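J.:
Protein chains: 2
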Amino acid sequence: MDKLHRNERMSAMLKMLTDSPNRIITLSHFCELFGAAKSTMSEDIDLLREVTKTFGLGELETVTGAAGGVRYRASVSPEERLRCIQGVCETLSGPERVLPGGFLYYNDILSDPELATRMGRILATAYFDVEADFVLTMETKGIPVALMTARELGIPLVIARHALRAYEGSAVNINYVSGSSGSIQTMSLARRSVKEGTRALIIDDFLKGGGTARGMVDLMREFNVTVVGMAFVMETTSPERKRVSDHRALMTLDITGTGEDAVATVRPAAWLAGAAK
Amino acid sequence: MDKLHRNERMSAMLKMLTDSPNRIITLSHFCELFGAAKSTMSEDIDLLREVTKTFGLGELETVTGAAGGVRYRASVSPEERLRCIQGVCETLSGPERVLPGGFLYYNDILSDPELATRMGRILATAYFDVEADFVLTMETKGIPVALMTARELGIPLVIARHALRAYEGSAVNINYVSGSSGSIQTMSLARRSVKEGTRALIIDDFLKGGGTARGMVDLMREFNVTVVGMAFVMETTSPERKRVSDHRALMTLDITGTGEDAVATVRPAAWLAGAAK
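Quick note, the sequences are listed as chains A and B, same order.
Mapping to this note's numbering: the first sequence position 223 is 214, numbers consecutive.
Mapping to this note's numbering: the second sequence position 202 is 193, numbers consecutive.
1) For LEU5 of chain B, would you say it is in contact with chain A, using Cβ-to-Cβ distances shorter than 9 Å as the test?
2) Got a sec? Which residues, its chain only, sit under 6 Å from GLU50 of chain A by beta carbon, not counting five neighbours each side?
3) Assign PRO259 of chain B to one of two classes, buried (16 or more other C-beta atoms within 10 Å of its C-beta) or exposed (fewer than that).
4) Can you tell me where the beta strand (DSSP E) with PRO86 of chain A in it begins and where it stops?
5) Cβ of PHE125 of chain B within 9 Å of Cβ of ASN13 of chain B?
6) What is the rounded straight-line gap between the Cα of ARG88 of chain A and the Cα of GLY56 of chain A?
7) Let's see if you can read the secondary structure: which residues bound the beta strand (DSSP E) around TYR167 of chain A?
8) Closest to MET129 of chain B by C-alpha separation, out of B:PRO230, B:LEU210 and B:LYS186, would be which residue?
9) SER2 of chain A bridges to which residues according to DSSP?
10) Quick check: what's the CA-CA separation for MET(-8) of chain B versus GLU23 of chain B?
11) I need the boundaries of the alpha helix (DSSP H) containing ILE100 of chain A, first residue and last residue.
12) Where does PRO104 of chain B fall in DSSP's three states?
13) Just to make sure I have the definition right: I need the residues of chain A whose C-beta is within less than 7 Å of the C-beta of VAL42 of chain B. Which are they?
14) So MET110 of chain B and VAL136 of chain B are in contact, right, with Cβ under 8 Å, and what is the actual spacing, rounded?
15) Tell me which residues share the same chain as ARG0 of chain A and place their Cβ nearer than 8 Å to its Cβ, disregarding the 5 neighbours each side in the sequence.
16) Note the first and the last residue of the continuous beta strand (DSSP E) segment covering ALA255 of chain B.
17) I want to know whether the stretch 182 to 191 of chain A touches the stretch 237 to 245 of chain A - three or more CB-CB distances under 8 Å.
18) The alpha helix (DSSP H) spanning SER19 of chain B covers which residue range?
19) If contacts are defined as beta-carbon pairs under 8 Å, then THR249 of chain B and GLY93 of chain B qualify, I think. What distance do you get, rounded to the angstrom?
20) What does DSSP give as the partner residue(s) for TYR118 of chain A in the beta ladder?
21) Considering ILE246 of chain B, what are the terminal residues of the beta strand (DSSP E) in which it resides?
22) Is DSSP giving ASP196 of chain A helix, strand or coil here?
23) Indicate the three-state DSSP secondary structure (helix, strand or coil) for LEU127 of chain A in the structure shown.
24) From ALA123 of chain B to THR116 of chain B, what distance separates their C-alpha atoms?
25) So, VAL224 of chain B versus LEU101 of chain B, is the Cβ gap smaller than 9 Å?
26) For MET(-8) of chain A, which of helix, strand or coil comes out of DSSP?
27) In chain order, which alpha helix (DSSP H) runs of at least 4 residues are fully inside the stretch 200 to 241 of chain A?
28) For LEU5 of chain A, collect the residues of the same chain with a Cβ closer than 7 Å to its Cβ; drop the 5 residues on either side in sequence, then sort them by chain order.
29) In three-state terms, what does DSSP make of ILE15 of chain A?
30) Please report how far the alpha carbon of GLY145 of chain B lies from the alpha carbon of MET207 of chain B, in whole angstroms.
31) Which residues in the same chain as VAL200 of chain B place their Cβ atom closer than 8 Å to its Cβ, once the five residues preceding and following it in sequence are excluded?
32) If we ignore side chains and look at the alpha-carbon of each, how far apart do MET178 of chain B and ASP195 of chain B end up?
33) Indicate the three-state DSSP secondary structure (helix, strand or coil) for ARG183 of chain B in the structure shown.
34) Mapping the DSSP letters down to three states, classify ILE150 of chain B as helix, strand or coil.
35) Just to confirm my understanding: we take LEU(-5) of chain A, look at its own chain, exclude 5 residues before and 5 after, and list those with CB closer than 7 Å. What are they?
36) Taking its Cβ as the centre, do 16 or more other Cβ atoms sit within 10 Å of THR247 of chain A, making it buried, or is it exposed?
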């Protein structure tokens, strides 16, 4: 291959880095690929770091040591995360969003690839430091955001199911009390899908009473897995007391009135407006 | 902002384009953002087109006309798609992958963010031209790959459910015969999640008899939606005759023997080795 110009090399590097978020790529890998010296690569990376910062495109970090190299994180700034979630809240504030029974329709938001990507990035930014080994979610609606969070963290996604399927092998089942119906339900996870002694980040779509979330925590205990964080796309303001603590949500939902008079108020969660991540 | 150098501008452009796959971004948008002339932007794009091509990072296309601009597609070359799927097949060929009952364990492959991204790109490449308005999948295991396919196509994902939930509003239910159990099952989709007269691309994890796939086609007919393509991650070689036609799969699965002697052979699908997409 002909020798590349810096602009071409830098573009290709950034594409490769952003395609493997939160994973360290060694300088030697780039040196070999582009046929350039380490010092040149370091200069490229310094320039790229400035570019991503200037345009709010995430962060490039140089990691030193034996396993060192460069790592891309799609970090979202406090301003950007608040603006993004405010936009989602506006979309969800229309009266056509409230369904009979006082439910909010937001399936389309949850499975929109672009929004799921953004919400995943916001959540990943909040949990870069907890060193999770995998993301856990409970089927179905939280899967897209959980997947995108896992992608940005560079770790696998594990999906708990309602029922054991033969094609998943031996499984661990636990029973939990569903907050919405008060009924006893089953949560099932294939034995081989999780390694003992690892660390889980729980991501799900909806937190009301916290029954399902509590179930996921109990399930992880069966696997001897530490839960290092817990986040939801939407959290109801009522009941105020949830069956889990130390969690985050992106939005809060307050439904007032009943039947045809039901009004839903969706707001960005308070922590999003803070300066810290 | 200070004027940027070409290398910085190009890197930022490529990052923005790849963050919105298959969506047209106008030249004026970039001109405004970077404070540069259209001719300069065009030169940048020509250079970026070469870069992405050289490193197999997808394609940049210039779209002319009133709604014109530049569009990034994460197209995967025939060589790269075959290499990727061959790698997955090797991972799946270990004896520990066969479960009692002759099932193959591949949940971890389906929900791995990096693999789901790659498989989504391969499938998107095969369906760029069908002009789908949305991707349809049936919960649960196919969701990650379906989401990533939708992301690369720049269209929404719609998820059919097993049961109607109150919080999804009025829904269309259809019954279908599940291939694996032979039992009658229900598939449900919220009325408001799909617009009449649009075009669907069906993506799911597994095709055996085709009962579920047939159900999805019937469901789309209820919405007056045209199915413009159908693809699966895995297809069994037996039964040879499926209840749907005109479909693709990424891999074929052949299980021979029973009980402890069951052997699974997973191969890349034949079309992957072809030159056409």
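Just so it is clear, CB atoms sit at the ideal spot from N, CA and C, and this is done for glycine as well.
Because the structure is a prediction, the values reported are computed rather than measured.
T.: With the given structure in hand:
1) yes
2) ARG64 and SER66
3) buried
4) Element bounds for PRO86 of chain A: n/a, residue is neither H nor E.
5) no
6) 52 Å
7) 162 to 168
8) B:LEU210
9) Looking at the DSSP assignment, SER2 of chain A forms no beta bridge with any residue, so it has no partner.
10) Interpretation of MET(-8) of chain B is limited by its pLDDT of 46, a score under 50 that renders its predicted location unreliable; no figure is taken from the coordinates.
11) Start and end: 98 to 101.
12) helix
13) GLU(-1), SER2 and ALA3
14) 5 Å
15) PHE25, ALA27 and ASP35
16) 254 to 259 is the extent of the beta strand (DSSP E) around ALA255 of chain B.
17) Output reads no: the stretch 237 to 245 of chain A does not touch the stretch 182 to 191 of chain A.
18) 18 to 25
19) 6 Å
20) DSSP output for TYR118 of chain A lists no bridge partner at all.
21) 239 to 247
22) strand
23) strand
24) Straight through space, the alpha carbons of THR116 of chain B and ALA123 of chain B are spaced by roughly 13 Å.
25) yes
26) Residue placement at MET(-8) of chain A is flagged as unreliable, the pLDDT there being 46, under the threshold of 50; a coordinate-derived value is accordingly withheld.
27) Fully contained in the stretch 200 to 241 of chain A are the following alpha helix (DSSP H) runs of length 4 or more, in chain order: 202 to 213.
28) LEU39
29) strand
30) 21 Å
31) Checking the sequence, you will find Gly at residue 200 of chain B rather than Val. So the list reads GLY170, SER171, PRO230, LYS233 and ARG234, once near-sequence residues are dropped.
32) Near 14 Å, if we compare the C-alpha coordinates of ASP195 of chain B and MET178 of chain B.
33) helix
34) strand
35) Result list for LEU(-5) of chain A: PHE25, in chain order.
36) exposed
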